[in-house]
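Working notes, beginning with the structure itself.
2 protein chains.
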Amino acid sequence: MNLILLHQHEIDANGTITLQDRRAKHICEIIKPAVGDTLSTGIIDATIGQARVLAISASDDYSVTLDIAELSQLSLNTQQFQKTNQQTLPQALDITLIIALPRPKVARRLVRLCVECGVKTIYFINSYRVEKSFWQSPMLHEEKFNEQIILGLEQCKDTIWPSVSMHKRFKPFVEDQLPDIVKGKQAVVAHPYQAEIDISADRQAITQRQKHASVIVIGPEGGFIPYEIELLQKTGLKTMGLGKRIYRVETVVPLLLGKLGL
Amino acid sequence: MNLILLHQHEIDANGTITLQDRRAKHICEIIKPAVGDTLSTGIIDATIGQARVLAISASDDYSVTLDIAELSQLSLNTQQFQKTNQQTLPQALDITLIIALPRPKVARRLVRLCVECGVKTIYFINSYRVEKSFWQSPMLHEEKFNEQIILGLEQCKDTIWPSVSMHKRFKPFVEDQLPDIVKGKQAVVAHPYQAEIDISADRQAITQRQKHASVIVIGPEGGFIPYEIELLQKTGLKTMGLGKRIYRVETVVPLLLGKLGL
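In structure tokens, the structure reads:
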């Protein structure tokens, strides 16, 4: 937890907040500040700054009261807020990820990882080789993803909430939504078989690619089936190979973010 | 398990092998071949090819007998073996990783991840901010790492065993071993504070860097202390920033491999 992350609605009218949850525990056990010290604090979808510790208690339950008035005011002044955010918030990655739904446990880890890396738009989609049962998992409920999003934002000291959405039908997603998503962007589908671009060999292609915002589509274990690849190609996506290795989805995502983004 | 991985010593004199472990379970439950089918099989530090299923039983215990004669012969003929390997094995990454020992659970995951990405040399080193207790963990025993190495090789269809070593003393490692490790290579230490190279801004530096084999040093949570950075710089390493975000070590490793390797 490199940042104490708050929701705007948690802050009370006189600009203070009393934490008694995992954040309080972290402050008491790890940071161990004294009253009067300041902590790196962020308000979701708003700014980052210093919040002063007004009271702290680790006796029975953990309890920490912070003074957020200054930070909160800053967030409400749009112009000043935008200026401050340019200085304090890390830049978002100009990469949209579209991922065939992996095992729900992996999907959760991926959300945290992507948020940590600055990805702001993630679509999980269906594919022929996605196990149908995955879609029923309670791990994919919004509040479960929200936990991972918060962990990601706390790690990388960011406040901007990402969009994570689920699309249970492949064809309607590709035909109706994908054209708008890829419009004006470089769009590739990671596909090791007879790829049009070999990212491990063709450095020129990568450098070209880095200049533009990108959309990256990643298939399921075993890959997209030919029908799906054809449909993606019809929408203007190029297939992209990564060399001979076969990666897990949680490995290939940061590899590609490193290669095309960062 | 994209590859059935064998040790040379497991193959018996007439060129067959009978598996009764997790490999047999995987073959019986996931691949479900018939007698006579062939399986993508590799011999550690040797070649990859097809092994024919001679017998398979999933009744009481799992048991699979494979004919490895052809594959094994190929491995013994050095010249033919090298030629075949160029065609069948993925290229190793020309990147040496030196990582301040993270939590042992994370170290294990990192080994698997690095092997999956083709890294062949990993040094875990000490640093002021590495918790001393980490070095005592049974999770760091060689056989525990070996399990992760096998998982990594199976995933990426590689057979070449990597070197993973532990160095409990920072100064002797940096003064006595590091100069030989970095000789003739681009060597950087990921360090977000006043970095000499900003990888998120300076694409030219990256492209330059990509042309050479690299040594990447990654610090502990909270970073190296100034004394350690100075010692690394004296050995010729440049500090390298990655932008404003603070990454977990298991995130920054694949990001950097994607950026500088792949």
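These protein sequences, in sequence, are chains C and V. With my numbering, the residue at position 190 of the first sequence is 190, and numbering never jumps. For any residue, its number in my numbering is found by taking its place in the second sequence, counting from 1, and adding 1000. Think of the CB as a built atom: it goes at the ideal place given N, C-alpha and C, for glycine as much as any other residue. A quick note: this is a predicted structure, and the numbers were derived from the prediction, not measured.
### Task
Just the chain C side, please: which residues come within less than 7 Å of R1129 (chain V) by C-beta, in chain order?
Translated into positions along the second sequence, residue 1129 (chain V) becomes position 129. Here the premise fails: no neighbours, minimum Cβ distance about 14 Å.
### Message
Rounding to the nearest angstrom, what Cα-Cα distance links E147 (chain C) and D1180 (chain V) in this structure?
### Response
Locating residue 147 (chain C) in the first sequence gives position 147, counting from the first residue. Locating residue 1180 (chain V) in the second sequence gives position 180, counting from the first residue. Rounded to the nearest angstrom, the two C-alpha atoms are 45 Å apart.
### Message
Taking only three categories from DSSP, how would you classify V1174 (chain V)?
### Response
Position 174 of the second sequence holds residue 1174 (chain V). Here V1174 (chain V) sits in helix by DSSP.
### Message
Is it buried or exposed, R22 (chain C), if we count other Cβ atoms within 10 angstroms and call 16 or more buried?
### Response
As a working note, residue 22 (chain C) is residue 22 in the first sequence. It is exposed - the Cβ of R22 (chain C) has fewer than 16 other Cβ atoms within 10 Å.
### Query
The beta strand (DSSP E) spanning I4 (chain C) covers which residue range?
As a working note, residue 4 (chain C) is residue 4 in the first sequence. Note, I4 (chain C): beta strand (DSSP E), 4-6.
### Task
Report the residue ranges of all alpha helix (DSSP H) runs contained in full by the segment 21-79 of chain C; include only those spanning at least 4 residues, in chain order.
Complete alpha helix (DSSP H) runs here, min 4: 22-26, 69-76.
### Task
Pull up the DSSP beta-bridge partners for Y247 (chain C), would you.
Your numbering for residue 247 (chain C) matches position 247 in the first sequence. The partner list for Y247 (chain C) (beta bridge, DSSP) is empty, contrary to what the question assumes.
### Query
I think V1005 (chain V) touches I1017 (chain V), with their Cβ atoms under 8 Å apart; what is that distance to the nearest whole Å?
Translated into positions along the second sequence, residue 1005 (chain V) becomes position 5. Translated into positions along the second sequence, residue 1017 (chain V) becomes position 17. The question names Val, but residue 1005 (chain V) is Leu in the sequence shown. A Cβ-Cβ distance of about 11 Å is found for the pair L1005 (chain V) and I1017 (chain V), leaving them out of contact under the 8 Å criterion.
### Query
Can you tell me where the beta strand (DSSP E) with K120 (chain C) in it begins and where it stops?
By one-based count along the first sequence, residue 120 (chain C) stands at place 120. Premise fails: K120 (chain C) is in no beta strand (DSSP E) and is neither H nor E.
### Message
Spatial neighbours of Y227 (chain C) within its chain, please: C-beta separation below 8 Å, excluding the five flanking residues on both sides.
### Response
On the first sequence, residue 227 (chain C) is found 227 positions in, with the first residue counted as 1. Excluding positions up to five away in sequence, the list reads Y128.
### Task
Would you list the one or two residues that DSSP bridges to Q186 (chain C)?
Residue 186 (chain C) sits at position 186 when you count from the first residue of the first sequence. Q186 (chain C) is bridged to C:S214.
### Query
Are L101 (chain C) and V119 (chain C) close, meaning C-beta to C-beta below 7 Å?
As a first step, residue 101 (chain C) must be located in the first sequence, where it is residue number 101. As a first step, residue 119 (chain C) must be located in the first sequence, where it is residue number 119. No, the Cβ-Cβ distance between L101 (chain C) and V119 (chain C) is not below 7 Å.
#### Entry: For G293 (chain C), the residue or residues it bridges with in DSSP
A query on residue 293 (chain C) cannot be resolved here, the shown segment of chain C reaching from 1 to 262 and no further.
### Query
Are any of the Cβ atoms in chain V nearer than 7 Å to that of G258 (chain C)?
Your numbering for residue 258 (chain C) matches position 258 in the first sequence. Closer than 7 Å to some Cβ of chain V, the Cβ of G258 (chain C) qualifies, so yes.
### Message
Please list, in chain order, the residues of the segment 1239-1254 of chain V that have any C-beta partner in chain C closer than 9 Å.
### Response
L1242, G1243, K1244, R1245, I1246, Y1247, R1248, E1250, T1251, V1252, V1253, P1254
### Task
State yes or no: is the C-beta of V164 (chain C) within less than 7 Å of the C-beta of F145 (chain C)?
Taking the first residue of the first sequence as 1, we reach residue 164 (chain C) at position 164. Taking the first residue of the first sequence as 1, we reach residue 145 (chain C) at position 145. Cβ distance < 7 Å, so V164 (chain C) and F145 (chain C) count as in contact.
### Message
Applying the 10 Å Cβ sphere with the 16-neighbour rule, what's the burial state of D1158 (chain V)?
### Response
Against the second sequence, residue 1158 (chain V) aligns to sequence position 158. Burial call: buried.
#### Entry: Proximity test, Cβ basis, 7 Å: L113 (chain C) and chain V
On the first sequence, position 113 is the one that residue 113 (chain C) refers to. Using a Cβ-Cβ cut-off of 7 Å, L113 (chain C) counts as an interface residue toward chain V, since at least one Cβ of chain V sits closer than that to its own.
### Query
By the criterion of Cβ-Cβ separation under 9 Å, what are the contact partners of Q155 (chain C) in chain V?
The residue you call residue 155 (chain C) lines up with position 155 of the first sequence. In chain order: R1245, I1246, Y1247, R1248, T1251.
#### Entry: Beta bridge counterpart(s) of M1166 (chain V) as assigned by DSSP
Position 166 of the second sequence, counted from the first residue, corresponds to residue 1166 (chain V). DSSP, once it has assigned bridges, lists V:F1124 as partnering M1166 (chain V).
### Residue closest to I1048 (chain V), alpha-carbon to alpha-carbon, out of V:T1239, V:T1038, V:V1130, V:V1249
The count along the second sequence starts at 1 and reaches residue 1048 (chain V) at position 48. With distances taken between Cα atoms, I1048 (chain V) lies closest to V:T1038.
### Query
Smallest Cα separation from I98 (chain C): which of C:A24, C:D60, C:Y193, C:L178?
Taking the first residue of the first sequence as 1, we reach residue 98 (chain C) at position 98. Here the closest residue by C-alpha is C:L178.
### Message
Please identify the residue among C:A34, C:I95, C:G15 whose C-alpha is closest to the C-alpha of I218 (chain C).
### Response
Against the first sequence, residue 218 (chain C) aligns to sequence position 218. Ranking C:A34, C:I95, C:G15 by Cα distance to I218 (chain C) puts C:I95 first.
### Query
Got a sec: is the Cβ-Cβ distance from P1090 (chain V) to anything in chain C below 7 Å?
Walking along the second sequence from the start, residue 1090 (chain V) turns up at place 90. Chain C contact via Cβ: present.
### Selected residue, minimal CA-CA separation from Q87 (chain C), among C:H26, C:A46, C:C28
In the first sequence, counting from the first residue as 1, residue 87 (chain C) sits at position 87. Considering only alpha carbons, the answer is C:A46.
### Task
Note down, in chain order, all residues in the segment 25-41 of chain C with a beta-carbon under 7 Å from any beta-carbon belonging to chain V.
For the segment 25-41 of chain C, the set of residues with a beta-carbon nearer than 7 Å to any beta-carbon of chain V is empty.
### Task
May I ask you to report which of helix, strand or coil DSSP gives I17 (chain C)?
Start at 1 with the first residue of the first sequence, and residue 17 (chain C) comes out as number 17. In this structure, I17 (chain C) counts as strand in the three-state DSSP scheme.
### Query
Is E116 (chain C) close to chain V, meaning its C-beta is less than 7 Å from at least one C-beta of that chain?
Here residue 116 (chain C) is taken as the residue at index 116 of the first sequence, counted from 1. Yes, because at least one Cβ of chain V sits closer than 7 Å to the Cβ of E116 (chain C).
### Query
At a CB-CB cut-off below 9 Å, which residues of chain C make contact with N1002 (chain V)?
Residue numbering aside, residue 1002 (chain V) sits at position 2 when the second sequence is read from its first letter. Here the neighbours are I246.
#### Entry: Inter-residue spacing [alpha-carbon to alpha-carbon] between H141 (chain C) and L1113 (chain V)
Against the first sequence, residue 141 (chain C) aligns to sequence position 141. Against the second sequence, residue 1113 (chain V) aligns to sequence position 113. Approximately 28 Å, taken between the alpha carbons.
### Message
Pull the bridge partners of T1096 (chain V) from the DSSP assignment, please.
### Response
For the purposes of this step, residue 1096 (chain V) is identified with residue 96 of the second sequence, where counting begins at 1. Answer is V:T1121, V:V1215.
### Query
Going by the beta-carbon positions, is the gap between V1064 (chain V) and A1024 (chain V) smaller than 7 Å?
Within the second sequence, the letter at position 64 stands for residue 1064 (chain V). Within the second sequence, the letter at position 24 stands for residue 1024 (chain V). The answer is yes: Cβ separation under 7 Å.
#### Entry: For G236 (chain C), the three-state DSSP class (helix, strand or coil)
The residue given as residue 236 (chain C) occupies position 236 in the first sequence. If DSSP states are grouped into helix, strand and coil, G236 (chain C) belongs with coil.
### Query
Taking the C-alpha atoms as reference points, what is the distance between S137 (chain C) and K171 (chain C)?
Working through the first sequence from its first residue, we reach residue 137 (chain C) at position 137. Working through the first sequence from its first residue, we reach residue 171 (chain C) at position 171. If you draw a straight line from the Cα of S137 (chain C) to the Cα of K171 (chain C), it comes to about 22 Å.
### Query
Just checking my contact of F134 (chain C) with R103 (chain C) at CB under 8 Å: how many whole Å lie between their CB atoms?
The sequence position of residue 134 (chain C) within the first sequence is 134, counting from 1. The sequence position of residue 103 (chain C) within the first sequence is 103, counting from 1. That pair is a contact at about 7 Å.
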